[in-house]
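Novice: Numbering (mature numbering (1 follows the signal peptide of the UniProt record, and there is no 0)) for the sequence shown: -19 to -1, 1 to 794.
Heads up, the beta-carbon is just placed ideally off N, CA and C, and yes, glycines get one too.
None of the values given here were measured: they were computed from a predicted structure.
Quick one: the structure is below, and I'll ask about it shortly.
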Amino acid sequence: MEQKNVVLLFLLFLQSGQGDLLDNYVNTEGASLYSVTKKQLEAGSSEECATKCEEETEFICRSFQYHRKEQQCVIMAENSKSSTVIRRRDVVLFEKTMYLSECRTGNGKNYRGTMAKTRDGVLCQKWGAEFPHKPNYTPEKCPSEDLVENYCRNPDNDEKGPWCYTTNPEKRFDYCNIPECEEDCMHCSGENYQGKISQTMSGFDCQAWDSQIPHAHGYIPSKFPSKNLKMNYCRNPDGEPRPWCFTTDPNKRWEYCNISRCTTPPPPSGPTHQCLKGKGETYRGNVAVTVSGHTCQHWSAQTPHKHNRTPENFPCKNLDENYCRNPDGENAPWCYTTNSEVRWEYCKLPSCVSSESSPELTSSISTSVIPEQTPVVQECYQGNGQSYRGTSSTTITGKKCQSWVSMTPHRHLKTPENFPNADLTMNYCRNPDADEKPWCFTTDPSVRWEYCNLKKCSETGGSVPSSSALPQLPGAETPSETDCMYGNGKSYRGKKATTVTGTPCQGWAAQEPHRHSIFTPQTNPRAGLEKNYCRNPDGDVNGPWCYTTNPRKLYDYCDVPVCASSSFDCGKPKVEPKKCPGRVVGGCVANPHSWPWQISLRTRFGQHFCGGTLISPEWVLTAAHCLERSSRPSSYKVILGAHKEMKLEADVQEIEVAKLFVQPARADIALLKLSRPAIINDIVIPACLPPPNYVVADRTECYITGWGDTKGTYGAGLLKEAQLPVIENKVCNRYEYLNGRVKSSELCAGLLAGGADSCQGDSGGPLVCFEKDKYILQGVTSWGLGCAQPNKPGVYVRVSRFVPWIEEVMRDN
């Protein structure tokens, strides 16, 4: 047996990566560590703090947290693997990536993970222990090698990789099975590939993920923070057999990249199940029959259906025999069938939790009566919001809330068990710890928590559009002239000069009682740092603040009121929508007037035949094919504010159509000018238009509404709604779905299992998506292959493509 007996005392630590020092760190906003070994230092920037962390010699600095307003830096020996993470405002936690990583680069010389067993499963001996083996490499002899606990390391640069002394007296040392980091190679199907290859197999350069040119797409980096969609590097965000990218060639939308497989075993996949848990990606049972009773085709077979979901393309997904599996992130396990007429179907599996209902994956829809719900007034909170029990689940910057029972992406202690009286339900905004207002952990790995996008019940009006969207009328006050704030108050230029506790503010140019250098009139000449007025020079999501005249309180926030907006903002219903999950076939009956932009397009005799969307008091957007029956405006009329299709309520508005405008390039979209403006009130409110050419991110949950054919499901004659995810065109155009039929000016949305969809009579109606604090009209119901059929999502005109045309028609008419 080879002996580890060469002592290397002074190996230099090789830093990974080049360029920006912060590239070697993972940062999380709003997170702080409970640390024992630490130093508190002054630092003018996070980069300066990172330098201090790298230069520390008294202990190994594994993380630091930076307090920008205080200009303070705390460097620490611990990280989130070894210490508790706590929620803290205005702090950013930076952790060295190498100490979080459980993979190795090259021979693993820099591996700093926590694997502590040999490849044979034998527990490692602690590096500082003398038994059962007297070590040649110890923490004292090799201080730069991070020989802590009994973790696998490579202090002697062994070409075979990390190793350890074993607890087996008969075997002095052995190697550890540390998988390769996916930088130069890929494990499995490359779902976690982090490398920098940016060219396709045919030699096309990759398009940057944050670009929409030449190919518009829904894989937006900010919407997929866990997918590492950086620069134009090849990635696999959608369950393909290998990483790919959109190309810079206008004639080639996307292509796979040529990335070799790693030679070491992939990281352990975690526990597997013989029953359905979550989406069933860990299911390893032997069910091989679909919900309709079809026998599954073997994954390695290509008849009767040719496919690329093979064991070779998905080597880590246990595609054994013909057992139901979920290799590509579908909603549940599935298989190709042995029926040549049915390409694939989901499988029906027993749930792992008896109280947990399995997803309804059959194409048949429950016909049970769905009870009506009492309309809920648009939500707000009283006091500090500890009593808030609403269903808002969006933060102040528009991020989605993490479920309180989930530990991903953020581990925490704010669970229903620990706070039984806080009603920590689903991912709804709550205030379990008596903070100043409701908050939640976010689904963005880099932002631990944020306050929620809610207002106090005592506030009048609501959130206001950004300053760029505000009307500029002669003599009207601009945001800089008012003593209230828009948004986060970055443009606030009022004269409030006391904090929320009534403490006077310190002058921005003063250095007493608090010395500071970042936020001064000289360093921030455009931030309006006059006198001691409350300002928001750093864009703090909590609003304007100031340094205080209290020597024991560096800074605090100011109580600047939100500017009152117009009574009716676009996209903001006065009645909270039911937002029933996607199960207006198969949806649920909407709360009356909760979708106040929905209109009924009717013949002059009053028969409903299409839907539409009010986008301003005089204008309605609908589908062009709805107008094929007549080119005369007098043939149509519009009903606004209705909930029932037939027995119209007394307060509906009935308005004739004055003009028709069909999109000139023959897209399935048209504008109707009403003969008079609609009266905007509690039950008639326009939807908001998206920015031009905006692309909805893949998997965004959106909503369709209408009085269309319900195919025998409950709610005929009442306005129904359904929640549907957007499906990126790249996926929707796959052979098994719509096979290349979807144009770039269209978008798909639907449940691939079937069961919820728009249908005849819904055409022209809205597909709206919630963005931060309002509903945006992203689609016009256009066409589909049947209604609510499996594998055939609905297709909608992409409204953002036609915003310039819409605005031009409205302006000129």
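1. To the nearest angstrom, report how far apart C361 and L435 are at their CA atoms.
2. Could you pull out every residue in the same chain whose Cβ sits closer than 7 Å to the Cβ of F154, ignoring the five residues on either side in sequence?
3. According to DSSP, is I787 helix, strand or coil?
4. Please list the terminal residues of the continuous alpha helix (DSSP H) segment that includes residue 840.
5. Looking at the structure shown, is C438 part of a helix, part of a strand, or coil, going by DSSP?
6. When every heavy atom of the ligand SAM is checked, does at least one fall within less than 7 Å of the C-beta of N60?
7. Assign P413 to one of two classes, buried (16 or more other C-beta atoms within 10 Å of its C-beta) or exposed (fewer than that).
8. Short of 8 Å in beta carbon distance, which residues of its chain neighbour G266, apart from the five on each side in sequence? Order them along the chain.
9. Taking the DSSP output, what are the residues bridged to V103?
10. Which word fits T603, buried or exposed, when buried means at least 16 other C-beta atoms lie within 10 angstroms of its C-beta?
11. For A605 versus A651, is the C-beta spacing smaller than 8 Å?
12. Going straight from the alpha carbon of C166 to that of G251, what length do you get?
13. To the nearest angstrom, report how far apart H48 and C277 are at their CA atoms.
14. Can you list, in chain order, the residues of its chain with a C-beta nearer than 8 Å to that of T529? Leave out the 5 residues immediately preceding and following it.
15. If you reduce the DSSP assignment to three classes, tell me which class A730 lands in.
16. Quick check on A605: does DSSP put it in helix, strand or coil?
17. Just verifying my parser: in three-state terms, what is the DSSP assignment at L705?
18. Locate the beta strand (DSSP E) running through M57, then write down its first and last residues.
19. Hey, how far is the Cα of G261 from the Cα of V334?
20. Report all residues from its chain with a CB closer than 8 Å to the CB of E789; omit the five preceding and five following residues, and keep chain order.
21. How big is the Cα-Cα spacing for L621 and R290?
22. From S179 to T95, what distance separates their C-alpha atoms?
23. Measuring CB to CB, does E709 end up less than 8 Å from D219?
24. Using beta-carbon positions only, say whether T501 and C433 come within less than 8 Å of one another.
25. Which of helix, strand or coil does DSSP assign to L2?
26. Leaving out the 5 sequence neighbours to the left and right, which residues in its chain are closer than 8 Å to S13 when beta-carbon positions are compared?
27. With a CB to CB cut of under 7 Å and the five nearest residues on each side skipped, what residues in its chain are close to D425?
28. Does W688 have its Cβ less than 8 Å from a Cβ in chain B?
29. Quick one: grab the DSSP three-state call for S13.
30. Can you tell me whether A730 is buried or exposed? The criterion is at least 16 other CB atoms within 10 Å of its CB, across all chains shown.
31. Using CA coordinates, which residue listed in Y237, E326 and F227 is at the minimum distance from G274?
32. Taking the continuous alpha helix (DSSP H) assigned at V323, which residues delimit it?
33. Whole angstroms is fine: what's the gap from S763's alpha carbon to Q383's?
34. Quick check: D416 and N365, are their CB atoms within less than 8 Å of each other?
35. Return the CA-CA distance between A678 and C561, expressed in angstroms with no decimal places.
36. Which residue or residues does DSSP assign as beta-bridge partners of Y777?
Specialist: Taking the structure as given:
1. Here residue 361 corresponds to residue number 380 of the sequence shown, with the count starting at 1. Here residue 435 corresponds to residue number 454 of the sequence shown, with the count starting at 1. About 6 Å.
2. Indexing the sequence shown from 1 puts residue 154 at position 173. If we look at F154 and ignore the five residues flanking it on each side, its Cβ neighbours are K(-16), W144, C145, Y146 and T147.
3. In the sequence shown, residue 787 corresponds to position 806, counting from 1. Helix, per DSSP.
4. Shown here, the chain extends from -19 to 794; a query on residue 840 therefore has no answer.
5. Locating residue 438 in the sequence shown gives position 457, counting from the first residue. Shown here, C438 sits in coil according to DSSP, grouped into three states, outside any helix or strand.
6. For the structure depicted, the ligand SAM is absent and the ligand set is empty, with no information on it obtainable.
7. Here residue 413 refers to the residue found at position 432 of the sequence shown. P413 should be labelled buried.
8. Locating residue 266 in the sequence shown gives position 285, counting from the first residue. Correct list, in chain order: H254, Q255, C256, Y304, C305 and L330.
9. As a first step, residue 103 must be located in the sequence shown, where it is residue number 122. BP columns for V103 are empty, so no partner.
10. Taking the sequence shown and counting its residues from 1, one reaches residue 603 at position 622. Buried is the call here.
11. The sequence position of residue 605 within the sequence shown is 624, counting from 1. The sequence position of residue 651 within the sequence shown is 670, counting from 1. Their beta carbons are under 8 Å apart, which means A605 touches A651 by this criterion.
12. In the sequence shown, counting from the first residue as 1, residue 166 sits at position 185. In the sequence shown, counting from the first residue as 1, residue 251 sits at position 270. In a straight line, the C-alpha of C166 is about 21 Å away from that of G251.
13. Position 67 of the sequence shown, counted from the start, is the residue given in the question as residue 48. Position 296 of the sequence shown, counted from the start, is the residue given in the question as residue 277. Rounded to whole angstroms, H48 to C277 spans 57 Å at the Cα level.
14. The residue given as residue 529 occupies position 548 in the sequence shown. The residues are T480, T484, P485, C486, Q487, H495, L535, Y536 and D537.
15. By 1-based counting over the sequence shown, the position of residue 730 is 749. Note: A730 maps to strand in three-state DSSP.
16. Position 624 of the sequence shown holds residue 605. In this structure, A605 counts as helix in the three-state DSSP scheme.
17. Indexing the sequence shown from 1 puts residue 705 at position 724. Residue state, collapsed to three classes: strand.
18. Counting from 1 along the sequence shown, the entry for residue 57 is found at position 76. It spans Q53 to M57 - the beta strand (DSSP E) in which M57 sits, taken as one unbroken run.
19. Translated into the one-based positions of the sequence shown, residue 261 becomes position 280. Translated into the one-based positions of the sequence shown, residue 334 becomes position 353. The alpha-carbon atoms of G261 and V334 are separated by roughly 13 Å.
20. Indexing the sequence shown from 1 puts residue 789 at position 808. No residues qualify anywhere along the chain.
21. Translated into positions along the sequence shown, residue 621 becomes position 640. Translated into positions along the sequence shown, residue 290 becomes position 309. Whole-angstrom Cα-Cα distance: 48 Å.
22. In the sequence shown, the residue the question calls residue 179 occupies position 198. In the sequence shown, the residue the question calls residue 95 occupies position 114. When rounded, the distance between both Cα atoms is 32 Å.
23. Numbered from its first residue, the sequence shown carries residue 709 at position 728. Numbered from its first residue, the sequence shown carries residue 219 at position 238. With a cutoff of 8 Å on beta-carbon distance, E709 and D219 are scored as near each other.
24. By 1-based counting over the sequence shown, the position of residue 501 is 520. By 1-based counting over the sequence shown, the position of residue 433 is 452. Cβ atoms of T501 and C433: not closer than 8 Å.
25. Here residue 2 corresponds to residue number 21 of the sequence shown, with the count starting at 1. In the structure shown, L2 falls within a helical segment according to DSSP collapsed to helix, strand and coil.
26. As a position in the sequence shown, residue 13 is number 32, starting the count at 1. Counting only Cβ-Cβ distances below 8 Å, and skipping sequence neighbours, we find Q46, V66, I67, R68, R69, V72 and L74.
27. To locate residue 425, count along the sequence shown from 1; it is residue 444. P206 and K380.
28. Here chain B cannot be found, since the structure has a single protein chain.
29. Here residue 13 refers to the residue found at position 32 of the sequence shown. In the structure shown, S13 sits in a strand (DSSP, three-state: E or B).
30. Position 749 of the sequence shown, counted from the start, is the residue given in the question as residue 730. Buried, by the Cβ-count rule.
31. Looking up residue 274 in the sequence shown gives position 293. If we check each option's Cα against that of G274, E326 comes out closest.
32. Counted from its first residue, the sequence shown places residue 323 at position 342. V323 -> no alpha helix (DSSP H), and no H or E assigned at all.
33. Along the sequence shown, read from residue 1 onward, the residue named residue 763 stands at position 782. Along the sequence shown, read from residue 1 onward, the residue named residue 383 stands at position 402. Spanning the two alpha carbons is a distance of roughly 33 Å.
34. Mapped onto the sequence shown, residue 416 falls at position 435. Mapped onto the sequence shown, residue 365 falls at position 384. Yes. Within cutoff.
35. For the purposes of this step, residue 678 is identified with residue 697 of the sequence shown, where counting begins at 1. For the purposes of this step, residue 561 is identified with residue 580 of the sequence shown, where counting begins at 1. Whole-angstrom Cα-Cα distance: 21 Å.
36. For the purposes of this step, residue 777 is taken as the residue at position 796 of the sequence shown. Beta-bridge pairing links Y777 to L728 and T762.
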